[in-house]
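Colleague: Mind looking over this structure? Questions follow.
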Amino acid sequence: MLYGDYLQIDKLLSCQEPVTRMAGNEVHDEHLFIITHQAYELWFKQIIFEIDSVREIMTNRIRDEANLLIVTSRLNRVVLILKLLVDQVTILESMTPLDFMEFRDFLSPASGFQSVQFRLLENKLGVRNDLRTNYGKSNYLKIFEDQEVISIIKQSEDDFSLCDLLQQWLERTPGLEEEDFCFWEKYRGAVSSLLDDKKAEAESQADEAEKALQLSEWKRKQELFESVFDVKKHNALVARGDRRFSHKALQGALMISLYRDEPRFNQPFQILLLLMDIDSLITKWRSNHVEMVLRMIGSSQFGTGGSSGYQYLRSTLSDRYKVFVDLFNLSTFLIPRHAIPPLSTLMKKQLSLRNDGNSSDGHAWSCKTEDEANAAK
Ligand code: HEM
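Numbering (the numbering used here), first residue to last: 2 to 378.
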C-alpha cells in the first residue's frame, strides 16, 4: 500500500478547478477560495461521522455506562474540529474584497447555502425547522434540486437528532423517579425556602426604596422559577422555541449539574459541557463567517445563493439556532451548594461507581435492582 494510493491523493488534488482559469484569465485567490471550502466540507464529513456514531450509541447502547466514555471522547473530538473550523475563517480573510470581486460574478448562483453537509449537520444535531429563518419566503430545502439530496436531508429531519436522544437519556436520570429520591420535589422545597429567605430579607429593609427594589427582584426570581416548576408554562416556552427540552429532561440536566461531583454523574456532566461547547462553537463559526461576509460584500448586497446575504446570516446568530439552549439557561436555576438537598444513602450508593460490586456489567442508567427499589419504598 502506497501513501498516494491509500489516500487517493491524485483524485483529491485534481478537484481544484478555478472557473477563472477555465475562462482563460485565472484569478490567483480563487485557488484559496476553493481549497478553503473543500477543507471545510472534509471536516464537516468527519463531524457528521462522529455525530452519527454518538447518535447510534445513544439509541442502542447508552444503557451500558461504559459507553459514556466513548461518547465523551467523540464529542470532544467534534469540539476540537470545530475550534479549527472557527479559526480557519481568518485564512480566507487574507483575500481582499477587491480580489474576491474579480471572480465573485463567476460563482453565481453557487453558494454555501447549498452545502448539503452543513444542513445534515444542523439537522442531526437538532436545529428545529420551524425556528429557521426562511430563505426569501421559502423553506431552506427549496434551493436543492436533486431529489436524492432532498430525500437525504428530509430523512435527517425525521430521524432522532442528538438533541432528541439526549432528552430521552436525561429523562431516565437516576433519582428523578417519585418513588425514589424524587429530586424534583426536594429541589422545589430548597428553592422555595431560598425564595422565602430572600423575601424576608427584602421586607426587613428599613429604606423603602431599597425594600421595593429587593421585593421586585424577589418577584422576578419567583416568576422565573415558576416557569420551570409549572409544566404548562414550561411547555408554552417550548412551543415558542424559547426552550427545547421536555420538562423531565430539564429536570435530569439540572440534577446532573447540581450533583456532578457524584462519580456516576461525572461523565454525564462532561457530556453536557461538550454539547454546550459544540453549540457555542457553531455560533462562533456563524459569527466569523458573517463578519467575513460583511468585509467581502458589505451589508446590502444579495448573496450569490439569492438570500439577503449579511442580513440573513445575522439572523442565524440568534438563540433559535442553538440546539442545547436549555443547557446554557440551566445556570439561571442553579442554587448555592449549601442549599442543594443532600442525597439519601441509597441515592448516594446508586451514584457511586461500584454500587453493585461489578460496574463493568454496566449498571443501567436509571435502573435499580428490585431490592433497591423496595428499600427505597
Ligand atoms: C468570501 C467568502 C464567503 C462569502 C462572501 C460568503 C457568503 C455567503 C453568503 C452571502 C451566504 C448567504 C446565502 C447566499 O445568499 O448566498 C452564505 C451562506 C453560507 N456559507 Fe458562505 N461565504 C463565504 C465563505 C464560506 C466558507 C469558507 C464556507 C465554508 C463551508 C461557507 C459556508 C456557508 C454556509 C454553510 C452557508 C449557509 C449558512 C446558513 O444558511 O446558515 N461560506 N455565504
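Cβ coordinates follow ideal geometry from the N, Cα and C atoms, glycine included. Please read these numbers as outputs of a predicted model, since none were measured by experiment.
Could you name the residues whose beta carbon sits closer than 6 Å to any heavy atom belonging to ligand 1, keeping them in chain order?
Modeller: T37, H38, Y41, L93, F101, S112, G113, F114, S116, F119, H290, M293, V294, M297, I298, G304, T305, G306, G307, S308, G310, Y313, L314 and T317
Colleague: Consult DSSP for Y136 and reduce its assignment to one of helix, strand or coil.
Modeller: Here residue 136 corresponds to residue number 135 of the sequence shown, with the count starting at 1. Y136 falls in the strand class under three-state DSSP.
Colleague: Would you check if there are 3 or more beta carbon pairs closer than 8 Å linking the region 169–186 to the region 244–255?
Modeller: yes
Colleague: Decide if P269 is buried, meaning its Cβ has at least 16 other Cβ atoms within 10 Å, or exposed.
Modeller: Along the sequence shown, one-based indexing puts residue 269 at 268. Under this definition P269 is a buried residue.
Colleague: Which residues in the same chain have their Cβ closer than 7 Å to the Cβ of C368, if we skip the five residues on either side of it in sequence?
Modeller: Residue mapping note: residue 368 aligns to position 367 of the sequence shown, counting from 1. Bear in mind that the predicted position of C368 carries a pLDDT of just 47, short of 50, making it unreliable; the figure below should be weighed with that in mind. Result list for C368: empty, nothing under 7 Å.
Colleague: Which runs of the alpha helix (DSSP H) at least 4 residues long sit entirely within the region 96–157? Give them in chain order.
Modeller: 98–108 and 117–126
Colleague: In angstroms with no decimal places, state the Cα-to-Cα distance between Y260 and I63.
Modeller: On the sequence shown, position 259 is the one that residue 260 refers to. On the sequence shown, position 62 is the one that residue 63 refers to. In a straight line, the C-alpha of Y260 is about 20 Å away from that of I63.
Colleague: Assess, as a yes-or-no matter, whether the region 133–142 is touched by the region 48–65 under the definition of 3 or more beta carbon pairs within less than 8 Å.
Modeller: no
Colleague: For L76 versus I272, is the C-beta spacing smaller than 8 Å?
Modeller: Against the sequence shown, residue 76 aligns to sequence position 75. Against the sequence shown, residue 272 aligns to sequence position 271. Against a cut-off of 8 Å, the Cβ pair of I272 and L76 comes out as a contact.
Colleague: Relative to the C-alpha of E172, which residue among Q39, K234 and M59 is closest?
Modeller: Translated into positions along the sequence shown, residue 172 becomes position 171. Ranking the options by Cα distance to E172, first place goes to M59.
Colleague: Cα separation between L132 and S193?
Modeller: Against the sequence shown, residue 132 aligns to sequence position 131. Against the sequence shown, residue 193 aligns to sequence position 192. In a straight line, the C-alpha of L132 is about 34 Å away from that of S193.
Colleague: Considering only residues of the same chain and omitting the five flanking positions on each side of R287, which have a CB-CB separation below 8 Å?
Modeller: By 1-based counting over the sequence shown, the position of residue 287 is 286. If we look at R287 and ignore the five residues flanking it on each side, its Cβ neighbours are L314, T317, L318 and Y322.
Colleague: Going straight from the alpha carbon of L166 to that of A201, what length do you get?
Modeller: Walking along the sequence shown from the start, residue 166 turns up at place 165. Walking along the sequence shown from the start, residue 201 turns up at place 200. If I take the Cα positions, the gap works out to 42 Å.
Colleague: According to DSSP, is F230 part of a helix, a strand, or is it coil?
Modeller: Counting from one through the sequence shown, the residue named residue 230 turns up at place 229. Reduced to three states, the DSSP call for F230 is helix.
Colleague: In whole angstroms, what is the alpha-carbon distance linking L196 and I144?
Modeller: For the purposes of this step, residue 196 is taken as residue 195 along the sequence shown, with counting starting at 1. For the purposes of this step, residue 144 is taken as residue 143 along the sequence shown, with counting starting at 1. C-alpha separation (whole angstroms): 52 Å.
Colleague: Do you know how far the Cα of L13 is from the Cα of S281?
Modeller: Against the sequence shown, residue 281 aligns to sequence position 280. Against the sequence shown, residue 13 aligns to sequence position 12. Their Cα atoms are separated by approximately 31 Å.
Colleague: Apart from the five residues just before and just after P264, which ones in its own chain have a Cβ nearer than 6 Å to its Cβ?
Modeller: Translated into the one-based positions of the sequence shown, residue 264 becomes position 263. So the qualifying residues of the chain are S353 and L354.
Colleague: Grab me the residues of D30's own chain with a C-beta within less than 6 Å of its C-beta, minus the 5 sequence neighbours each way, in chain order.
Modeller: Along the sequence shown, one-based indexing puts residue 30 at 29. Closer than 6 Å at Cβ, skipping near neighbours: M96 and D100.
Colleague: Short check: CB of I257 to CB of V79, under 8 Å?
Modeller: Looking up residue 257 in the sequence shown gives position 256. Looking up residue 79 in the sequence shown gives position 78. Their beta carbons are not under 8 Å apart, which means I257 does not touch V79 by this criterion.
Colleague: Whole angstroms are fine: how far does the CA of W170 sit from the CA of E94?
Modeller: Start at 1 with the first residue of the sequence shown, and residue 94 comes out as number 93. Start at 1 with the first residue of the sequence shown, and residue 170 comes out as number 169. Cα to Cα, the separation comes out at about 41 Å.
Colleague: Less than 7 Å between C-beta atoms, sequence neighbours within five positions excluded: which residues of the same chain meet that for N289?
Modeller: Along the sequence shown, one-based indexing puts residue 289 at 288. These residues qualify, in order along the chain: V87 and V90.
Colleague: Compute the distance between the beta-carbons of P110 and G307, then report whether it is under 8 Å.
Modeller: Residue mapping note: residue 110 aligns to position 109 of the sequence shown, counting from 1. Residue mapping note: residue 307 aligns to position 306 of the sequence shown, counting from 1. Their beta carbons are under 8 Å apart, which means P110 touches G307 by this criterion.
Colleague: Taking its Cβ as the centre, do 16 or more other Cβ atoms sit within 10 Å of K46, making it buried, or is it exposed?
Modeller: Position 45 of the sequence shown holds residue 46. Counting Cβ neighbours within 10 Å, K46 comes out exposed, since fewer than 16 surround it.
Colleague: What is the rounded straight-line gap between the Cα of G299 and the Cα of C16?
Modeller: Along the sequence shown, one-based indexing puts residue 299 at 298. Along the sequence shown, one-based indexing puts residue 16 at 15. So the two alpha carbons sit approximately 30 Å from each other.
Colleague: Assuming Q118 and E42 form a contact by the criterion Cβ under 8 Å, report the distance between their Cβ atoms to the nearest whole angstrom.
Modeller: The count along the sequence shown starts at 1 and reaches residue 118 at position 117. The count along the sequence shown starts at 1 and reaches residue 42 at position 41. Sure, about 6 Å apart at Cβ, within 8 Å.
Colleague: Using the C-alpha atoms, what's the distance from K125 back to I154?
Modeller: Position 153 of the sequence shown holds residue 154. Position 124 of the sequence shown holds residue 125. So the alpha carbons of these two residues sit roughly 10 Å apart.
Colleague: Within 10 angstroms of its Cβ, does V232 collect 16 or more other Cβ (buried), or is it exposed?
Modeller: Within the sequence shown, residue 232 is the residue found at index 231, counting from 1. Flag for V232 reads exposed.
Colleague: Straight-line CA distance for L350 to L344?
Modeller: The residue given as residue 350 occupies position 349 in the sequence shown. The residue given as residue 344 occupies position 343 in the sequence shown. The sequence shown places Lys at residue 350, not Leu. C-alpha separation (whole angstroms): 9 Å.
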